[in-house]
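At position 206 of the sequence shown the residue is numbered 206 (my numbering), and the sequence of numbers has no breaks. The beta carbon of each residue, even a glycine, is placed where N, CA and C say it ideally should be. To keep things clear, I will list the structure first and then write my remarks on it.
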Amino acid sequence: MTKLFIALPAFGQQCNSQTTASLVALVEQLARRDISIGFSAISFPDIADLRNVLTTVFHDCLDATHMLMVDADMQFEPALVLDMLDADKPLVGCIYPKKRVPISWVGSALNPPAEPEGNLLELEGIGCGVTLIRRDCIENMIASGNVEIEDDPIGVAADMVKAHGATRMIRAFDLVRDGNRRLSEDFSFCCRHRKSGGKVWAVINHTLVHLGLYQYAGRYDQLYNRPSSEHAA
Numbered sequence: 001m002t003k004l005f006i007a008l009p010a011f012g013q014q015c016n017s018q019t020t021a022s023l024v025a026l027v028e029q030l031a032r033r034d035i036s037i038g039f040s041a042i043s044f045p046d047i048a049d050l051r052n053v054l055t056t057v058f059h060d061c062l063d064a065t066h067m068l069m070v071d072a073d074m075q076f077e078p079a080l081v082l083d084m085l086d087a088d089k090p091l092v093g094c095i096y097p098k099k100r101v102p103i104s105w106v107g108s109a110l111n112p113p114a115e116p117e118g119n120l121l122e123l124e125g126i127g128c129g130v131t132l133i134r135r136d137c138i139e140n141m142i143a144s145g146n147v148e149i150e151d152d153p154i155g156v157a158a159d160m161v162k163a164h165g166a167t168r169m170i171r172a173f174d175l176v177r178d179g180n181r182r183l184s185e186d187f188s189f190c191c192r193h194r195k196s197g198g199k200v201w202a203v204i205n206h207t208l209v210h211l212g213l214y215q216y217a218g219r220y221d222q223l224y225n226r227p228s229s230e231h232a233a
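Right, here's the structure in full:
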């Protein structure tokens, strides 16, 4: 039985109204599938530690089969998450616009770039704006030794995981260097997953909106009729 933990990193305890509306619509669709749902929204100034806390709570404190990480500035269709679940991958997310004009994309392509497989595209890395992480994704990172496990952690973030009953921190989102590149926290997570034998997938056939002073909307699969220079780097 699928049990979904919805994890919302929320800076300043704030969430965009469009993100809230997306989550409400999603919960309705999940209920129709008899999918059990849990939810947590946590605020912390360090995004890597914030994602680490949510990941630790998911893996060590809950019996959920999947964690859906949704950033507080994302608008999405419920069908996106249903397609992620149907894809049945350890790690599947999406490619969404960056907050800039002209539109560019949060995602790192393979070299050479992969071709879409239906509504899925394999990538080197994805942003975690809307990302589905299956339990075995974390289990494989731990088993392969590709993630630091901090026993008896201290600090504010540590207090958050201890409040949920955890005694350690799974540092899956800590920043790493890949060659000469210093990766962001979400690309660092993808790097660890790939080093653990996993693949990074994105559902590309849905419109996503990255919310800010301007609404940066885009649907990635529509780029396949456009010049390759507009694709994920």
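Query                                                                                                             : Result
Cα-Cα separation, Ala172 to Phe5                                                                                  : 17 Å
Presumed contact (8 Å Cβ cut-off) between Cys94 and His206, rounded CB distance                                   : 7 Å
Beta-carbon spacing of Ser188, Met141 below 8 Å                                                                   : no
8 Å Cβ cutoff met for Glu122 and Val203                                                                           : no
Three-way DSSP call (helix, strand, coil) for Asp297 in this model                                                : Residue 297 lies beyond the range of the chain shown here (1 to 233); nothing can be said about it.
Contact belief for Ile138 with Cys190 at Cβ below 8 Å, rounded distance in angstroms                              : The Cβ separation is near 13 Å, so there is no contact.
Same chain, Cβ closer than 7 Å to Arg182, neighbours up to 5 away in sequence not counted                         : Leu175
Coil, strand or helix - Gln13 by DSSP                                                                             : helix
Spatial neighbours of His164 in its chain, beta-carbon cut-off 7 Å, leaving aside the 5 residues before and after : Val57, Cys61
For Thr19 and Met74, believed in contact at Cβ under 8 Å, the rounded distance                                    : 6 Å
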